[in-house]
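For the sequence shown, this note's numbering gives the first residue as 1079, with consecutive numbering after it. For every residue, glycine included, the Cβ atom is placed at its ideal position computed from N, Cα and C. Quantities reported herein were computed from a predicted structural model and do not represent experimental measurements. For reference, the structure is listed below as structure tokens.
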Amino acid sequence: TSLAQGGIACVMEEDDNFDLHIQDTLMVGDGLCKKEVVELVVRSAPERIKELIKWGIMFDRDPENPEKFHLTLEGGHSRRRILHVGDYTGRAIENILIERVLEAENIKILENYFVVRLLIENFMRPSKILGALVLDLIHTKPVVFLAKVVALCTGGAGKVYLYTSNPDTATGDGIVLAYQAGCRIANMEFVQFHPTCLYHPKAKNFLISEALRGEGAVLLNAEGKRFMHKYDPVKKELAPRDIVARAIDMEIKKTGAECVYLDISHLPSDYVKKRFPYIYETCLKYGIDITSQPIPVVPAAHYLCGGIYTNIWGQTDIPNLFAIGECSYTGLHGGNRLASNSLLEALCFSYQASLKIKEMWKELKDMSLKKPPIKELPVKEIKEEKVFISHNWDLIRKIMWDFVGIVRSLKMLEFAKKRIEFIKKEIKENWPGIYLDLDTMELKKITVVAELITWSALQRLESRWAHYLIDYPYKRDNYRRDTIILKNF
């Protein structure tokens, strides 16, 4: 959340309406969105925005009309409808929410714990959640937390790729926990690559917001020429993300360059500094003045459109287990995510889940919890050199970037599948059980994430938005369906 620069999509102006926002979302989702979910999220957006404002979020106002919010335009949107706080919207929202949580006496925050697995009644449906087995990283021991309700809000899995805009914690842990507990996982092949991440040897995971293109920034190849008109003659730089990311990928491969450039230097310097203070200051730190120089950019793994399958209340297949945010698959995004719909989804489904939990609480409060039988699991330390762990980490991420990336082929996917299976087998043989080392525990999870993405991509023999397969470069009607994975026990 804190890295979300762009903003939140919400219908605010008279020249906009819910139907247009719904239509834009469905178009980008390319036949895989659940229309009832799209309608729910879009129509509930104004109420969720009012809540944020009530809690203290100060969205930017229009300098010419302070009574109105300053709305920006992003790729795939037909109207200006993106509310923002400068270019650090996610951070502003996170800070306010943390303040509210710290004020609440009935909320307890536990840090420095790593969830090893979910505890459920049994693996035969119907079952129910009982809590989680976690690793206490401070006291170096496994601990059982019993819970009547568990909500997974663990974010995405961008770290499975070599280049990503995501933080180091985005390893898909929640998705793996739910999968191993018996939940359906949907549409993992749809990984959205953000077209523009800063390309600099010292910069790590720094996103250059789509809002720059919304305000008029243009993309240039290594020869200084615009190229987006060749890939989308109408929308050009404001085409949906997958089109822009593929276009950049093709231009880089065509010219042999290491990056392309995003240029906003034609806009007034003061406006750029005020509208994009975070991006301006960060780029300046790396010697790039965006008011006078083009920004070197490359695509990077940004958002996982698939995840844990849920209903409109955020409920998974396991009773009393919820999944909210990027780790979930609600049906809002379909085959591709419309820009700035993700923060909105998290807000909407947090609210939906709270309504359902409140409704369930009458029966839940009288429910007794028994600690399930768990065989003794000693916590181990890595005795070998950690180079084995770091090598496999790097190998998984490089395999995924090279063979399960922006452009895929069946040959590449099969190669990746075999390599991932080998690494998974090696991990199982050499590092079974619970390890005090976080890299080792996350490696176990991220290997499963890589396997799920690759397997899902092999099932979809077509190209549809975020999944581009050169063997089948067009859409096929018989694949207008979700790709579902369920663990066999």
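To the nearest whole angstrom, what separates the beta carbons of residue i and residue j, a pair I think is in contact under 8 Å?
i        : j        : result
Leu-1491 : Thr-1532 : 6 Å
Cys-1261 : Ile-1396 : 6 Å
Gln-1101 : Ala-1544 : That pair is no contact at about 19 Å.
Tyr-1381 : Ser-1420 : 6 Å
Ala-1170 : Val-1163 : 4 Å
Ala-1528 : Ile-1474 : 5 Å
Glu-1423 : Ala-1289 : Going by Cβ atoms, the distance from Glu-1423 to Ala-1289 rounds to 19 Å, so no, they are not a contact pair.
Glu-1471 : Asp-1517 : The question names Glu, but residue 1471 in the sequence shown is Trp. Yes, they are in contact, since the Cβ atoms of Trp-1471 and Asp-1517 sit about 7 Å apart, within 8 Å.
Phe-1427 : Gly-1392 : 5 Å
Leu-1285 : Ser-1243 : 4 Å
Between the C-alpha atoms of residue i and residue j, what's the straight-line distance to the nearest angstrom?
i        : j        : result
Arg-1558 : Tyr-1429 : 29 Å
Ala-1235 : Thr-1249 : 4 Å
Ile-1477 : Lys-1443 : 47 Å
Leu-1188 : Val-1222 : 13 Å
Ile-1253 : Gln-1083 : 24 Å
Arg-1291 : His-1344 : 12 Å
Leu-1416 : Thr-1103 : 6 Å
Glu-1336 : Ile-1330 : 6 Å
Ala-1378 : Phe-1493 : 22 Å
Lys-1434 : Leu-1110 : 25 Å
Glu-1459 : Pro-1245 : 25 Å
Asp-1560 : Glu-1267 : 10 Å
Phe-1096 : Tyr-1550 : 34 Å
Tyr-1062 : Lys-1449 : With the chain represented from 1079 up to 1567, any question about residue 1062 goes unanswered, as that position is not in the structure.
Gln-1537 : Lys-1495 : 12 Å
Lys-1461 : Lys-1503 : 19 Å
Ala-1295 : Leu-1340 : 6 Å
Asp-1138 : Thr-1394 : 36 Å
Leu-1362 : Lys-1314 : 27 Å
His-1099 : Asn-1556 : 27 Å
Leu-1255 : Val-1526 : 10 Å
Lys-1186 : Val-1212 : 16 Å
Thr-1408 : Lys-1112 : 8 Å
Gly-1365 : Asp-1320 : 29 Å
Arg-1554 : Glu-1301 : 37 Å
Thr-1150 : Phe-1481 : 35 Å
Asp-1515 : Val-1457 : 10 Å
Arg-1121 : Trp-1509 : 48 Å
His-1272 : Ser-1287 : 9 Å
Starting from residue i and walking both ways along the alpha helix (DSSP H), at which residues does that stretch end?
i        : result
Asp-1097 : 1096–1107
Ile-1127 : 1113–1133
Ala-1235 : Counting along the chain, Ala-1235 falls outside any alpha helix (DSSP H), and DSSP gives it neither H nor E.
Tyr-1387 : Counting along the chain, Tyr-1387 falls outside any alpha helix (DSSP H), though it belongs to the beta strand (DSSP E) covering 1385–1387.
Leu-1564 : Here Leu-1564 belongs to no alpha helix (DSSP H), and DSSP marks it neither H nor E.
Asp-1327 : 1319–1333
Ala-1401 : Looking at the DSSP string, Ala-1401 is not in any alpha helix (DSSP H); the run it does join, the beta strand (DSSP E), is 1399–1401.
Asp-1472 : 1465–1481
Kindly indicate the opening and closing residues of the beta strand (DSSP E) around residue i.
i        : result
Glu-1145 : 1143–1147
Gly-1220 : The amino acid occupying residue 1220 in the given sequence is Pro; Gly does not appear at that position. Pro-1220 -> beta strand (DSSP E) spans 1219–1224.
Cys-1361 : Taken as a continuous stretch (DSSP letters only), Cys-1361 belongs to no beta strand (DSSP E), being part of the alpha helix (DSSP H) at 1355–1363.
Arg-1195 : 1191–1198
Cys-1426 : Where Cys-1426 is concerned, there is no enclosing beta strand (DSSP E), although the alpha helix (DSSP H) it sits in stretches over 1420–1442.
Tyr-1277 : Looking at the DSSP string, Tyr-1277 is not in any beta strand (DSSP E), and its letter there is neither H nor E.
Ile-1207 : 1207–1214
Leu-1257 : Reading the sequence as shown, one finds Tyr at residue 1257 and not Leu. Segment 1251–1259 is the alpha helix (DSSP H) holding Tyr-1257; no beta strand (DSSP E) there.
Ile-1373 : 1373–1382
Val-1227 : Per DSSP, Val-1227 belongs to no beta strand (DSSP E) and is neither H nor E.
Val-1296 : 1296–1298
Assuming contact is defined by CB atoms lying nearer than 9 Å, are residue i and residue j in contact in what I supplied?
i        : j        : result
Pro-1165 : Arg-1304 : The sequence shown places Asp at residue 1165, rather than the Pro named in the question. Going by C-beta atoms, Asp-1165 is not nearer than 9 Å to Arg-1304.
Tyr-1358 : Thr-1369 : yes
Asp-1310 : Ala-1317 : yes
Val-1089 : Arg-1159 : yes
Tyr-1552 : Ser-1534 : no
Ala-1259 : Leu-1161 : no
Tyr-1257 : Ile-1402 : no
Leu-1276 : Thr-1360 : yes
Ala-1264 : Gly-1413 : no
Asn-1190 : Asp-1214 : yes
Leu-1425 : Glu-1142 : no
Leu-1399 : Ile-1127 : no
Ala-1087 : Ser-1418 : yes
Tyr-1513 : Val-1376 : no
Lys-1506 : Asp-1251 : no
Leu-1410 : Ile-1467 : no
Gly-1233 : Glu-1177 : no
Leu-1447 : Lys-1226 : yes
Ala-1325 : Met-1306 : yes
Arg-1486 : Ile-1562 : no
Quiz prompt | Stretch-stretch touch, CB-based, cutoff 8 Å, three pairs: the segment 1207–1220 with the segment 1271–1289 | solution = no
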